[in-house]
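Reading the sequence shown from the start, the letters are residues -23 to -1, 1 to 298 in mature numbering (1 follows the signal peptide of the UniProt record, and there is no 0).
Report on the following structure.
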Amino acid sequence: MMLKLLALSLALLTGLLSSLAQATVLQRPISLDTGNGELFGSLLLPKSDAPVPVVLIISGSGPTDRDGNNPDGGRNDSLKRLAWVLAKHNIASVRYDKRGVAASLAATPDERNLSVEAYVADAVAWSRKLAADPRMGPLILLGHSEGALIASLAAPQANAAAVISLSGSARPIDQVLRQQLSSRLPPPLMVRANELLDSLKAGRLDPNVPPQLQVIFRPSVQPYLISLFRQTPAQAFAALKMPALIIQGSHDIQVSVDDARQLQAAKPDAELALIKGMNHVMRIVPNDMELQLASYKNPNLPLAAELGTHILGFISSLPAR
């Protein structure tokens, strides 16, 4: 009986502490009129008498929303949970739905009009909005997966204090796709996939897409892929003049540790944090494909503890501006 009472008391205390933490954090919707459509996001702002650091969180590829969820991949709430880790340590954040995605769908409803350049311009516009807010201190751009490229390209224009690349590729994305597809497609279909990649890399549309490849190469997404394949992530990262942190999990099935090492080679003064066992959605998961895929659809799995440790340590070490 005593053990049951103790367990109940601990559970109540944990709930109380969680409620108190949320009570000291302002949660509210936030929007941005870009002049070319309105974007919608979420603000977490710890209550403070002085300006606090603010992290602009940029989500990954495709229809991934502000919380890190993707209708094609499942709900895992990775970016939402990360925002709360920051908030509980006196760091504000804004995470937003990219144009054409979720609440920001109306900003660009036709994906044929999407481009990397538009995503970069949006990140810069968000940054300027935050810089004008007297409650905000130093601005850090944090990009996850493809969002790491957007963060790297936007940071110089955004006058960011720092950049965090989380599971970001160093290689051009067409090279990443070739590697990923080569292990999943039968040889005849891989030949056609390579032809499509060659055309898009050269800036040419190719409407003749086999049904099995429509999800990746459908004609409506090809203009975006052309804009994406023009970019060299390591080159964009190398151009950064501000402090940078590279975080990569060893069990990421989408981006490799080699990519993280290439990013650091491109910018040797960047910090590199390799987290053993962490996967692409920031959870500690064995190198088992079934368990990996299941983690993409499980919002209850805790984030890798080292992830918060590295990010919080990096932000706390930034020089005063």
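Even glycine gets a Cβ: it sits at the ideal position worked out from N, Cα and C.
Inset, instruction - For I68, name the three-state secondary structure that DSSP assigns. - result: Here the question's residue 68 lines up with position 91 in the sequence shown. The answer is coil: DSSP assigns I68 none of H, G, I, E or B.
Inset, instruction - Tell me where the alpha helix (DSSP H) around R5 begins and ends. - result: As a first step, residue 5 is located in the sequence shown; it is residue number 28 there, counting from the start. First-last for R5: V2 to D10, but that is the beta strand (DSSP E), not the alpha helix (DSSP H).
Legend entry - Rounded separation between Q225 and R155 - CA only: Here residue 225 refers to the residue found at position 248 when the sequence shown is read from its first residue. Here residue 155 refers to the residue found at position 178 when the sequence shown is read from its first residue. For Q225 and R155, the distance between alpha carbons rounds to 21 Å.
Inset, instruction - Return the Cβ separation of T85 and G39 in integer angstroms, given the expectation that the two are a contact with Cβ distance under 8 Å. - result: Here the question's residue 85 lines up with position 108 in the sequence shown. Here the question's residue 39 lines up with position 62 in the sequence shown. 14 Å between Cβ atoms; not a contact.
Legend entry - Local Cβ density within 10 Å of N53, reported as buried at 16 or more and exposed below that: Along the sequence shown, read from residue 1 onward, the residue named residue 53 stands at position 76. That one is buried.
Inset, instruction - Compute the Euclidean distance between the alpha carbons of A(-17) and N277, then round it to the nearest angstrom. - result: The count along the sequence shown starts at 1 and reaches residue -17 at position 7. The count along the sequence shown starts at 1 and reaches residue 277 at position 300. With a pLDDT of only 49 at A(-17), under 50, the local geometry of the prediction cannot be trusted, and no value is derived from it.
Legend entry - Cβ-based burial, Q189 [other Cβ within 10 Å; buried from 16]: Within the sequence shown, residue 189 is the residue found at index 212, counting from 1. Q189 should be labelled exposed.
Inset, instruction - Compute the Euclidean distance between the alpha carbons of V262 and K253, then round it to the nearest angstrom. - result: Within the sequence shown, the letter at position 285 stands for residue 262. Within the sequence shown, the letter at position 276 stands for residue 253. For V262 and K253, the distance between alpha carbons rounds to 10 Å.
Legend entry - P279 to I68 span [Cα, whole Å]: For the purposes of this step, residue 279 is taken as the residue at position 302 of the sequence shown. For the purposes of this step, residue 68 is taken as the residue at position 91 of the sequence shown. Cα to Cα, P279 sits roughly 20 Å from I68.
Inset, instruction - Grab me the residues of N275's own chain with a C-beta within less than 7 Å of its C-beta, minus the 5 sequence neighbours each way, in chain order. - result: As a working mapping, residue 275 is identified with position 298 in the sequence shown. Counting only Cβ-Cβ distances below 7 Å, and skipping sequence neighbours, we find N53.
Legend entry - Proximity winner among H257, I203, D87 and V140, relative to E248 (alpha-carbon distances): Mapped onto the sequence shown, residue 248 falls at position 271. Taking only the C-alpha atoms, the option nearest E248 is V140.
Legend entry - Paired residues, beta bridge with L270 - DSSP: Within the sequence shown, numbered from 1, the residue matching residue 270 stands at position 293. Partner(s): none; L270 has no beta bridge.
Inset, instruction - Quickly, what does DSSP pair L56 with across the bridge? List them, please. - result: Position 79 of the sequence shown, counted from the start, is the residue given in the question as residue 56. Paired residues: none, contrary to the question.
Inset, instruction - Spatial neighbours of P187 within its chain, please: CB distance less than 8 Å, with the 5 preceding and 5 following residues excluded, ordered by chain position. - result: Stepping through the sequence shown from its first residue, residue 187 is reached at position 210. Excluding residues within five positions, the ones whose Cβ falls inside 8 Å are L166 and R169.
Legend entry - Rounded straight-line distance, which links the Cα of S19 to that of L(-21): By one-based count along the sequence shown, residue -21 stands at place 3. By one-based count along the sequence shown, residue 19 stands at place 42. Residue placement at L(-21) is poorly supported in this model, since its pLDDT is 49, which falls under 50; the coordinates still yield a value, given next. Rounded to the nearest angstrom, the two C-alpha atoms are 41 Å apart.
Inset, instruction - Specify the secondary structure class of Q152 as computed by DSSP and reduced to three states. - result: Along the sequence shown, read from residue 1 onward, the residue named residue 152 stands at position 175. Three-state DSSP puts Q152 in a helix.
Inset, instruction - Would you mind sorting E94 into buried or exposed? The rule is 16 or more other CB atoms within 10 Å of its CB. - result: Taking the first residue of the sequence shown as 1, we reach residue 94 at position 117. The residue in question, E94, is exposed, as its Cβ has fewer than 16 Cβ neighbours within 10 Å.
Inset, instruction - Could you spell out the range, first to last residue, of the alpha helix (DSSP H) harbouring Q212? - result: The sequence position of residue 212 within the sequence shown is 235, counting from 1. Counting along the chain, the alpha helix (DSSP H) containing Q212 begins and ends at P210 to A215.
Inset, instruction - Kindly give me the distance between the Cβ atoms of A211 and A243, rounded to whole angstroms, as I take these residues to be in contact under 8 Å. - result: Walking along the sequence shown from the start, residue 211 turns up at place 234. Walking along the sequence shown from the start, residue 243 turns up at place 266. 4 Å between Cβ atoms; contact.
Legend entry - Sequence ranges, alpha helix (DSSP H) only - wholly within the region 156 to 240, length at least 4: 164 to 178, 191 to 194, 199 to 206 and 210 to 215
Inset, instruction - From the DSSP output, in three-state form, read off A131 for me. - result: Within the sequence shown, residue 131 is the residue found at index 154, counting from 1. If DSSP states are grouped into helix, strand and coil, A131 belongs with the helices.
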